[in-house]
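Student:
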Amino acid sequence: MKKKPALLAAALLLVTVLSGCGGKSENTGASTAPANTGGSGNSNKEVTLRIAWWGSDNRHTYTQQIIDMYEEQNPNVKIEAEYASFDDYWKKLAPQAAANRLPDIIQMDISYINQYGSNGQLEDLAPYLNNQIQVGDVNENVLSTGNIEGKQYGIPMGVNVLGLNYDPALLKKAGVDSIPENWTWDQYKEIALKARDAGLFMDGSMTADVFFNYYLRSNGFSLYNNDGSALGYEDDNLFVEFFGMLSGLIEEGAVPTQDKLSQNKGVIEESDIVKGTGIGVWQWSNQYVSLQKAVNRPMALAPMPGPGMEKGLYMQPSMYWSITSNSAAKEEAAKFIDFWTNSEEANLIIKGERGVPISNKIKEALGGSLSEAEKQVFEFVAEMEPKTSPMSPPVGSPEVVALLTDLAEQLNFGKIEPDAAAAQFRTEANAILANR
Amino acid sequence: MSLERPLNQGMPVIRKKMLNKRLKQNLTGYAFIGPFVIGFLSFTLIPMIVSLYLSFTKYNLFASPTWVGLDNYIKMFTNDPKYLQSLKVTFTYVFLGVPLRLMFALFVAMILNTSSRAVGAYRTIYYLPSIIGGSVAVSIMWRNIFSDTGIINGFLGLFGIGPVSWFGDPQAALFMLITLSVWQFGSSMLIFLAGLKNIPGEMYEAASVDGAGFFRKFFKITLPLLSSVILFNLVMQTISAFMTFVPAYIISKGEGGPMDGTMLYSLYLFRQAFMFNNMGYASAMAWVMLLIVGIMTGILFKTSRSWVFYESEGGK
Chain A
4 MKKKPALLAA ALLLVTVLSG CGGKSENTGA STAPANTGGS GNSNKEVTLR
54 IAWWGSDNRH TYTQQIIDMY EEQNPNVKIE AEYASFDDYW KKLAPQAAAN
104 RLPDIIQMDI SYINQYGSNG QLEDLAPYLN NQIQVGDVNE NVLSTGNIEG
154 KQYGIPMGVN VLGLNYDPAL LKKAGVDSIP ENWTWDQYKE IALKARDAGL
204 FMDGSMTADV FFNYYLRSNG FSLYNNDGSA LGYEDDNLFV EFFGMLSGLI
254 EEGAVPTQDK LSQNKGVIEE SDIVKGTGIG VWQWSNQYVS LQKAVNRPMA
304 LAPMPGPGME KGLYMQPSMY WSITSNSAAK EEAAKFIDFW TNSEEANLII
354 KGERGVPISN KIKEALGGSL SEAEKQVFEF VAEMEPKTSP MSPPVGSPEV
404 VALLTDLAEQ LNFGKIEPDA AAAQFRTEAN AILANR
Chain B
64 MSLERPLNQG MPVIRKKMLN KRLKQNLTGY AFIGPFVIGF LSFTLIPMIV
114 SLYLSFTKYN LFASPTWVGL DNYIKMFTND PKYLQSLKVT FTYVFLGVPL
164 RLMFALFVAM ILNTSSRAVG AYRTIYYLPS IIGGSVAVSI MWRNIFSDTG
214 IINGFLGLFG IGPVSWFGDP QAALFMLITL SVWQFGSSML IFLAGLKNIP
264 GEMYEAASVD GAGFFRKFFK ITLPLLSSVI LFNLVMQTIS AFMTFVPAYI
314 ISKGEGGPMD GTMLYSLYLF RQAFMFNNMG YASAMAWVML LIVGIMTGIL
364 FKTSRSWVFY ESEGGK
């Protein structure tokens, strides 16, 4: 009899542990079940949507606010939010995709949309356009960034444009009054050398994959070919020219050495422009606001150098909303995306945190509530928009990006010659792309 | 008891009672280990078997795995320079980092093995870095200390040196990881300290009487009597050093740079698995890692016969 309490305790422990495990799966089961019934399209039926995104705390807070607002206006819809940091988000999403249990609405990134889309995880949203989701006043080049081979796998939430974010006062110190209109790579090199002579750095070099792709586009090519089975350019001279220029500027002393670049990578406070020793940074327009805040001096945005700028430039979707093909309430999900894209009161809360909004009406409505730096970004994007060319999300691979980044680093360290790097990139990248 | 009655029919009462009692006793045991067994099966054994299977496949999480035989293992050693680089970095990290860390731990343990009143406080202070040891915060702090505007470069700046790119130079970056690991010596230090306390004081007294100096006592008494503790620390630290991930991930921003200088094995494995979605290849890497750690541990135990001294076996 003495054993009884012990046995009981053990059994209890076991039960609680087991129920702990079981409870979770029950919950997720319950959340998908009502969603199944919502598929009929009857908008008065109870619907539960699961929605997932990545981001910072600030983004979680205001996104939840908008979800609450939507639930209030649509009492039949319940929205369950799942969020994480960027890295964790994809680690969570991949197994859910493998198990066909993705949330109804997921935030998508340009580097993943192709993988998820071509593997049948995402719904083609083309039939929903201008039915559930109004996109009448959205630029075609913006919308097409979510379009892969005729299938609309995502609706961009906002857009960014490449450019130089710089300090005009430091540029003057280098003896250059302003960035010339329609400037070229040669003019860029000239200015960079003037900056060096004035004891300044021109910039912190360029992100290899993004800017090389721009350079290829401005020459009429692209990093990957259309179906992503090989590289999208034949002439290795393009590689040699572009990366030769970047590593050349480091050799000349116009750009910090690679060990400095590696040391300070990703730390805004350590960048030369913040310290007042560098003129600018090449980056996406959405990164301007936080950079300007760190620099805390008047700053400006300049377009990309040419020739061929208008061919090379594209509207970069900051991120998309996608609807998954395993969702049972696709129409309801689409209505939420419409609310996000076109509701003025929602966008007054979002305030362009996910990139400059795609709807022209919303952009105008936001005008008055923006800070000085935010206004600069909105204006820059508006100015660039007519100069962009269409871009479909690359059918690329993170492995190729890593390879290119590696080679650029070796070039900048002076460990490899540009033509050897170009040849190595071609053979290894094509091997990765062919073997997927 | 009413439930047991129907079961008893047709069996000798005593045997039944014994059986029942044993069953009940065992059941208690099973119930207690139940949570562990379930956890072990679902979170360790089954995933391991699955990973062994996946290591012979090509699997990107989206399409179902396709069998490729030994391709993953062959590719590792014949067609992936980055893999070999990660092996080189990891071995450098382990072979430099572990001995340095143990020496430092022993050194501090010996200093703390004195009978001063403040010794308790010192022990706590020296152990602190290990409690927060493998964490993200320490790695970030390490990066800040050695950043361009960090305290170390600020100090060097007083003498007109630098700023030095501690994490920007491929060789220096790995060295920084090693010093970080040496600095987290606390847990081995505590074990050394316990070992030192176990060495009888008379031995040192007798040696002193015979005229032995500090070094003589250290090499003839302390080291031999501490050898079993050294072996324990060596094995544990070697295993954990092979699996180091967090510092390299944080300090290189997940890229293992510059020039793959901090591409530790588990970081490369992580990149293959979660950035490139090459789950099959990553699983194969994990199994090779298990093999390497197993072999290293085996070697340590084999050689230990010639240098570890067990009092209980009569000095063998």
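Here the protein sequences line up with chains A and B, keeping their order.
Counting in our numbering, the first sequence runs without a single skipped number right up to 439 at its last residue.
Counting in our numbering, the second sequence runs without a single skipped number right up to 379 at its last residue.
Cβ coordinates follow ideal geometry from the N, Cα and C atoms, glycine included.
These numbers come from a predicted model, not from an experiment.
So A/TRP285 is in the beta strand (DSSP E); what residue range does that whole segment cover?
Tutor: Residue mapping note: residue 285 of chain A aligns to position 282 of the first sequence, counting from 1. From DSSP, the beta strand (DSSP E) with A/TRP285 extends over 283-287.
Student: Which stretch, first to last residue, makes up the alpha helix (DSSP H) that contains A/GLN118?
Tutor: By one-based count along the first sequence, residue 118 of chain A stands at place 115. Here the alpha helix (DSSP H) through A/GLN118 covers 116-121.
Student: Kindly indicate if chain A contains any beta-carbon less than 8 angstroms away from that of B/ALA172.
Tutor: Counting from one through the second sequence, the residue named residue 172 of chain B turns up at place 109. Output row for B/ALA172: interface = no.
Student: Would you say B/LYS316 faces chain A, with C-beta separation under 8 angstroms as the test?
Tutor: As a first step, residue 316 of chain B is located in the second sequence; it is residue number 253 there, counting from the start. Output row for B/LYS316: interface = yes.
Student: Interface residues of chain A around B/THR212 at Cβ under 9 angstroms?
Tutor: Taking the second sequence and counting its residues from 1, one reaches residue 212 of chain B at position 149. Within 9 angstroms Cβ-Cβ: GLU272, GLU273, LYS278.
Student: At a Cβ threshold of 8 angstroms, is B/PHE222 touching chain A?
Tutor: Along the second sequence, read from residue 1 onward, the residue named residue 222 of chain B stands at position 159. Closer than 8 angstroms: no.
Student: Once DSSP output is grouped into helix, strand and coil, what is the label at B/ILE284?
Tutor: Counted from its first residue, the second sequence places residue 284 of chain B at position 221. Helix, per DSSP.
Student: Is B/ASP143 close to chain A, meaning its C-beta is less than 8 angstroms from at least one C-beta of that chain?
Tutor: Within the second sequence, the letter at position 80 stands for residue 143 of chain B. It does not; no Cβ of chain A falls within 8 angstroms.
Student: What did DSSP end up calling A/SER374 once you bin it into helix, strand or coil?
Tutor: Locating residue 374 of chain A in the first sequence gives position 371, where the first residue counts as 1. Look at A/SER374 here: in three-state DSSP terms it is coil, with no helix or strand label.
Student: Do the stretch 199-212 of chain A and the stretch 170-178 of chain A make contact, defined as three or more Cβ pairs closer than 8 angstroms?
Tutor: yes
Student: List the whole-angstrom C-beta distance separating A/LEU96 from A/ILE116, where the pair is believed to meet the contact cut-off of C-beta under 8 angstroms.
Tutor: Taking the first sequence and counting its residues from 1, the one referred to as residue 96 of chain A is at position 93. Taking the first sequence and counting its residues from 1, the one referred to as residue 116 of chain A is at position 113. In fact, because the Cβ distance is near 12 angstroms, the residues do not count as touching under 8 angstroms.
Student: Closer than 7 angstroms to a non-hydrogen atom of the ligand NAD - does that hold for the CB of A/GLY256?
Tutor: What this structure holds is no ligand at all, so the ligand NAD is not there to describe.
Student: Confirm, please, whether the CB-CB distance from B/LEU147 to B/LEU256 is below 8 angstroms.
Tutor: Taking the first residue of the second sequence as position 1, residue 256 of chain B is located at position 193. Taking the first residue of the second sequence as position 1, residue 147 of chain B is located at position 84. No, the pair does not count as a contact, with Cβ atoms beyond the cut-off.
Student: With a threshold of 8 angstroms between beta carbons, is A/ASP1 in contact with chain B?
Tutor: Residue 1 of chain A is absent from the structure shown; chain A starts at 4 and stops at 439.
Student: So, with DSSP's three-state summary, where would you put A/ILE54?
Tutor: Taking the first sequence and counting its residues from 1, one reaches residue 54 of chain A at position 51. In the structure shown, A/ILE54 sits in a strand (DSSP, three-state: E or B).
Student: Spell out whether any CB of chain A is found under 8 angstroms from the CB atom of B/ASP273.
Tutor: The sequence position of residue 273 of chain B within the second sequence is 210, counting from 1. So no, B/ASP273 is outside the interface.
Student: Given a limit of 9 angstroms on CB to CB distance, which residues of the stretch 241-265 of chain A reach chain B?
Tutor: Across the stretch 241-265 of chain A, CB contacts with chain B closer than 9 angstroms involve THR260, GLN261, ASP262, LYS263, LEU264, SER265, in sequence order along the chain.
Student: How many Å lie between A/ILE82 and A/LYS154 at the Cα?
Tutor: For this step, residue 82 of chain A is matched to residue 79 along the first sequence. For this step, residue 154 of chain A is matched to residue 151 along the first sequence. Those two C-alpha atoms are separated by around 26 angstroms.
Student: What does the alpha-carbon distance come out to for the pair B/TRP350 and B/TYR344?
Tutor: Mapped onto the second sequence, residue 350 of chain B falls at position 287. Mapped onto the second sequence, residue 344 of chain B falls at position 281. Going from the Cα of B/TRP350 to the Cα of B/TYR344 covers about 10 angstroms.
Student: Let's see if you can read the secondary structure: which residues bound the alpha helix (DSSP H) around B/SER367?
Tutor: Locating residue 367 of chain B in the second sequence gives position 304, where the first residue counts as 1. Residues 342-370.
Student: Any beta carbon from chain A within less than 8 angstroms of B/PHE339's own beta carbon?
Tutor: Taking the first residue of the second sequence as 1, we reach residue 339 of chain B at position 276. It does: the Cβ of B/PHE339 has a partner Cβ on chain A nearer than 8 angstroms.
Student: Counting only Cβ-Cβ distances shorter than 7 angstroms, please list the residues of the stretch 230-255 of chain B near chain A, keeping chain order.
Tutor: PHE230, GLY231, ASP232
Student: Please state if the CB of A/GLU412 and the CB of B/MET322 are separated by a distance shorter than 8 angstroms.
Tutor: Here residue 322 of chain B is taken as the residue at index 259 of the second sequence, counted from 1. Here residue 412 of chain A is taken as the residue at index 409 of the first sequence, counted from 1. The answer is yes: Cβ separation under 8 angstroms.
Student: Any beta carbon from chain B within less than 8 angstroms of A/GLU377's own beta carbon?
Tutor: Position 374 of the first sequence, counted from the start, is the residue given in the question as residue 377 of chain A. No, because no Cβ of chain B sits closer than 8 angstroms to the Cβ of A/GLU377.
Student: May I ask which residues mark the beginning and end of the alpha helix (DSSP H) holding A/TRP457?
Tutor: Absent from the structure is residue 457 of chain A, since the part of chain A shown begins at 4 and ends at 439.
Student: What does B/ALA345 reach in chain A if we use C-beta pairs closer than 8 angstroms?
Tutor: Here residue 345 of chain B refers to the residue found at position 282 of the second sequence. Within 8 angstroms Cβ-Cβ: nothing; B/ALA345 doesn't reach chain A, min ~12 angstroms.
Student: Going by the beta-carbon positions, is the gap between B/LEU294 and B/VAL356 smaller than 8 angstroms?
Tutor: For this step, residue 294 of chain B is matched to residue 231 along the second sequence. For this step, residue 356 of chain B is matched to residue 293 along the second sequence. No, the pair does not count as a contact, with Cβ atoms beyond the cut-off.
Student: Return the chain-ordered ranges of every alpha helix (DSSP H) run that is complete within the stretch 183-240 of chain A and spans a minimum of 4 residues.
Tutor: 188-200, 211-221
Student: Determine, using beta carbons only, whether A/ASP230 and A/VAL398 come nearer to each other than 8 angstroms.
Tutor: Within the first sequence, numbered from 1, the residue matching residue 230 of chain A stands at position 227. Within the first sequence, numbered from 1, the residue matching residue 398 of chain A stands at position 395. Taking 8 angstroms as the Cβ cut-off, A/ASP230 and A/VAL398 qualify as a contacting pair.
Student: How long is the line joining the alpha carbons of A/GLU375 and A/GLU382, rounded to whole angstroms?
Tutor: For the purposes of this step, residue 375 of chain A is identified with residue 372 of the first sequence, where counting begins at 1. For the purposes of this step, residue 382 of chain A is identified with residue 379 of the first sequence, where counting begins at 1. Using only the alpha carbons, I get a separation of about 11 angstroms.
Student: When DSSP builds the beta bridges, which residues end up paired with A/TYR169?
Tutor: Within the first sequence, the letter at position 166 stands for residue 169 of chain A. The partner list for A/TYR169 (beta bridge, DSSP) reads A/GLY283, A/ALA303.
Student: What is the rounded straight-line gap between the Cα of B/ARG279 and the Cα of B/SER202?
Tutor: Walking along the second sequence from the start, residue 279 of chain B turns up at place 216. Walking along the second sequence from the start, residue 202 of chain B turns up at place 139. Whole-angstrom Cα-Cα distance: 39 angstroms.
Student: Taking the straight line between their C-alpha atoms, what separation do you get for A/PRO159 and A/VAL141?
Tutor: Residue mapping note: residue 159 of chain A aligns to position 156 of the first sequence, counting from 1. Residue mapping note: residue 141 of chain A aligns to position 138 of the first sequence, counting from 1. For A/PRO159 and A/VAL141, the distance between alpha carbons rounds to 10 angstroms.
Student: Compile a chain-ordered list of the residues in the stretch 109-125 of chain B whose CB is closer than 7 angstroms to at least one CB of chain A.
Tutor: LEU124, PHE125
Student: What is the residue span of the beta strand (DSSP E) that A/ASN163 lies within?
Tutor: For the purposes of this step, residue 163 of chain A is taken as residue 160 along the first sequence, with counting starting at 1. That run of the beta strand (DSSP E) goes 158-163.
Student: B/SER228 CB to nearest chain A CB: under 8 angstroms?
Tutor: If you number the second sequence from 1, residue 228 of chain B lands on position 165. B/SER228 counts as touching chain A.
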